[in-house]
Structure formats: structure tokens, C-alpha cells
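Take a look at the structure below.
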Amino acid sequence: MLRLSLGGAVALGFARFAYALLLPTMREDLGWSFTLSGAMNAANALGYLLGALIAAPLIRRVGLSRVFAGAMLLTALTLLACAATGLSVPLLTLRFLSGVGGALVFVSGGGLAALATRAHPERSPLLLGVFYGGAGIGMLLSAALLPPLLAHGWRGAWLALGLAALACMPLSAPALRRLPTHAASASARTPAVSLRPLAWTLAAYTCFGIGYIAYMTFIVAFLKGAGAQAWITPFWALLGLSVVLHPFVWAPVTARLRGARAMTAQMLTLAAGAALPLLGTTPPVLLLSGTLFGGSFLAVVAFTTLITRRTLPEHAWARGIAAFTVLFAAGQVAGPLLTGLLADRAGGLRLGLGVSAAVLLLGAALAWGQGRGRAT
Numbered sequence: 007m008l009r010l011s012l013g014g015a016v017a018l019g020f021a022r023f024a025y026a027l028l029l030p031t032m033r034e035d036l037g038w039s040f041t042l043s044g045a046m047n048a049a050n051a052l053g054y055l056l057g058a059l060i061a062a063p064l065i066r067r068v069g070l071s072r073v074f075a076g077a078m079l080l081t082a083l084t085l086l087a088c089a090a091t092g093l094s095v096p097l098l099t100l101r102f103l104s105g106v107g108g109a110l111v112f113v114s115g116g117g118l119a120a121l122a123t124r125a126h127p128e129r130s131p132l133l134l135g136v137f138y139g140g141a142g143i144g145m146l147l148s149a150a151l152l153p154p155l156l157a158h159g160w161r162g163a164w165l166a167l168g169l170a171a172l173a174c175m176p177l178s179a180p181a182l183r184r185l186p187t188h189a190a191s192a193s194a195r196t197p198a199v200s201l202r203p204l205a206w207t208l209a210a211y212t213c214f215g216i217g218y219i220a221y222m223t224f225i226v227a228f229l230k231g232a233g234a235q236a237w238i239t240p241f242w243a244l245l246g247l248s249v250v251l252h253p254f255v256w257a258p259v260t261a262r263l264r265g266a267r268a269m270t271a272q273m274l275t276l277a278a279g280a281a282l283p284l285l286g287t288t289p290p291v292l293l294l295s296g297t298l299f300g301g302s303f304l305a306v307v308a309f310t311t312l313i314t315r316r317t318l319p320e321h322a323w324a325r326g327i328a329a330f331t332v333l334f335a336a337g338q339v340a341g342p343l344l345t346g347l348l349a350d351r352a353g354g355l356r357l358g359l360g361v362s363a364a365v366l367l368l369g370a371a372l373a374w375g376q377g378r379g380r381a382t
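Quick note on numbering: this note's numbering labels position 296 of the sequence shown as 302, and the sequence is numbered without any gaps.
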């Protein structure tokens, strides 16, 4: 599972979250508004939406492992290409393509991870958490690689991310060879599976997509604007470390709580983490914010795969994971644009981040509406 988790390092740690570290330097060098800055991650999320929409039929056609490997390559190449231009339209296009690759990595990787847990169902919360925690590995590597490079401009940082993504491919290959390439197929007599039992968590996950990405896109720019630049690298490293460790915190909780109560708890923790920097930017407050947010946001992602696995038959797992990914992507398109517009026109990043915390609270309330029975 650890090898498989490198897909998350590439798809999210490098292609999505590392942009927050590059954003202040790129914004200063290229003269971007907050709206255009947010549009770069919105383009990535729009590509993520397309990738989620095509994932299930593509997986049925060519298999989980081939989709995973091909999407890893696509994502790595787009990261490398971002170093080649400072023009907005090509960069938006590359961010879009990296989003397509990231979604395909995540849906196929989530399917492979779900299949890998069949032998140890009692450990599935921990194993799935390890897979999704791979994004934290990418964040830790970004914290180590990028700050020295950004002192000399942003292009070298994109090159480093692309080369690191390419290096992850052979490391993940052994896991692909050990796992089945397809889940169980539905027979011709198998009735279509309704996603209605997942309705409340699907709605909550849309709010999660809107709320979490605003924090992850703009928190570094917010800290720089608040005069806390010296703490950006340790903050980001702690955020990534918390992502890596989150399964050991949330797996016992997820296994014990009924319905989507674990998701409610996770989103309440996220809302608290998102709101803390608005109350102050002293080092203890910032580090607590990073710990709470980093320790919870991918726990929500892992929970959606877990509840899909528990609620739907095996042949519908890829469809369920894809449905969550589609709504997640739709929320991520709206989140950076909404925050950027608010920052440019209303009250700076403080207001935009406050709205993101409020949306996370709404998602926690929606998750509470999921059926109270134990999801087994």
C-alpha cells in the first residue's frame, strides 16, 4: 500500500498542493491577481472533474493498473512543462491536464486500494488511510525541495516536481503487478446499483471540495501577507507530516463510529484548523492549524472510499469512487475562484478563508444526516 500511495504523492502532493508554495513567487513575478491565481487551481480542478467523469469507463476498458500508470506519466509530464512558460493560457491548460491525470490516478488508485483491503477487511480504514496519506509524502518532499529553488525563481521548482513525479513511477510499479487489474464484474442480470444510500455523504463531500481547496491554495499567500513568511516551510512540512500520520489517528475512530459520524468529526476538525489563522498568526496558532488541517483533510477522502466499499457491491466500487470524485472536483472548481474573487473585491484572503471554514461546517452538518446504522 505504501508503494501505491506514491500515486497520491504525485496527483495531490505535487500536482495540486505544491502550487501553494509556488504561488507567491509566481504571483509576484507574473503580476497575477488573486482571481487568476485561484483560476490556476480551478483549472486543475476542472481537469480533475473531466478525469473523474471518464475514469470508470476507461478503467473498464483498459484496467485499473494501466490507467494508474498512464495517468502518473501524464501528470509528471505536465509538471515538467509548467517550467517552460509564464503565459497564462498555456499554464491554465497544463494545470487542467495535470488535473485530468490526478483524477485518473486517484480513482484507479482508490480502486486498487479497495481491492487490496479485501484480504484484511478489519484493517481497511488504516490501509486506505495509508494510500491516501501518500499526498503527505508529496508535501513533505515539496517542503524539502522547493524553498531553496524558489529563491532563484519558480521554473526550477516545477522541474523538480516533474522529475520527482517521474521517479515515483518505477517505485510504484511492483504494487501494480501484485494487484488485480479489474474488480469483479457485474453480470448481465445484475441490477443497476443506486447511489442513493450515499446521498448525504456525496453532498457533504461537495462542501469539503469547496472548503478545503481554498485553504490549501491560499494559506501560504495568506501567511506571507500576514508577515509570517519565516514559518511557511515548517508549517508546510508539519502539514504534510500530519497527512502521512492521519491514518493512525482516524482509523480507530472511523472503525468505531456509525454512519458518517467520522466524516462529521473530520470536517469539524478541518473547520477549526481553517479558522485558526484568522484568529492569529503566532507560531503556536499556525502549527496547530497545520496539524489539525493536515491530520484530517485526507481522512475525509479515505472515508469516502471506505463507505463506498462498505455500502456498494464490489462491481460498483469504481462507480461510487468516481461519483465522489466528480462532486469533489466540482467543489474544487468553485472553491479557488470564490476565494480569489472575495480576496480581490471584498476583504482580502481573510474573508475568503473564513467562508471556506463556514462551508466546511455546512459539510459536517450534511454528513450528520447520513444513515445512523453502522456502515459495514
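Positions of the beta carbon are idealized from the N, C-alpha and C atoms, including for glycine.
Note that this is a predicted model, so its numbers are computed, not measured.
Can you list, in chain order, the residues of its chain with a C-beta nearer than 8 Å to that of residue i? Leave out the 5 residues immediately preceding and following it.
i	result
P180	R9
A166	L151, L152 and L155
G117	I65, L70, A189, W323, A324 and I327
D35	G92, G159 and W160
Residue i: buried (16+ other C-beta within 10 angstroms of its C-beta) or exposed?
i	result
Q376	buried
A373	buried
R262	exposed
A90	exposed
G286	exposed
F241	buried
V111	buried
P342	buried
S200	exposed
R22	buried
R315	buried
G233	exposed
In chain order, what residues of the same chain have a beta carbon less than 7 Å from the beta carbon of residue i, not counting five sequence neighbours either side?
i	result
S193	Note that S193 has pLDDT 47, beneath the 50 cutoff, so the model's placement of it is unreliable and no number is given.
T297	L244 and S248
M269	T207, A210, V306, F309 and A373
P289	W237
L42	S94
A48	V339, P342 and L343
L312	S130, P131, L134 and T260
Just confirm the distance between the C-beta atoms of residue i and residue j, as a whole number of angstroms; I'd bet it's less than 8 Å.
i	j	result
C174	L18	Incorrect: roughly 12 Å between the Cβ atoms, too far for contact.
L294	L284	Rounded, the Cβ-Cβ distance is 13 Å, inconsistent with contact.
A257	L132	4 Å
G53	S104	7 Å
A75	A109	Not quite, the Cβ-Cβ distance comes to about 15 Å (not below 8 Å), so this is no contact.
Taking 6 Å as the limit between beta carbons, can you name the residues of its chain near residue i, skipping five residues before and five after?
i	result
M46	R101
L251	none
G337	T212, G215 and I216
F334	Y211 and G215
P253	L132, G135, V136 and G139
G300	L245, S248 and V249
T31	L156 and W160
A141	G14, L18, G19, V249 and L304
Less than 8 Å between CB atoms is the rule here; does residue i satisfy it with respect to chain D?
i	result
L147	Among the chains of the structure shown, chain D does not appear; only one protein chain is present.
For this session: Just list the alpha helix (DSSP H) runs in the segment 110 to 164, keeping only unbroken ones of 4 residues or longer that don't cross its boundaries, in chain order.
Result: 130 to 138 and 140 to 156
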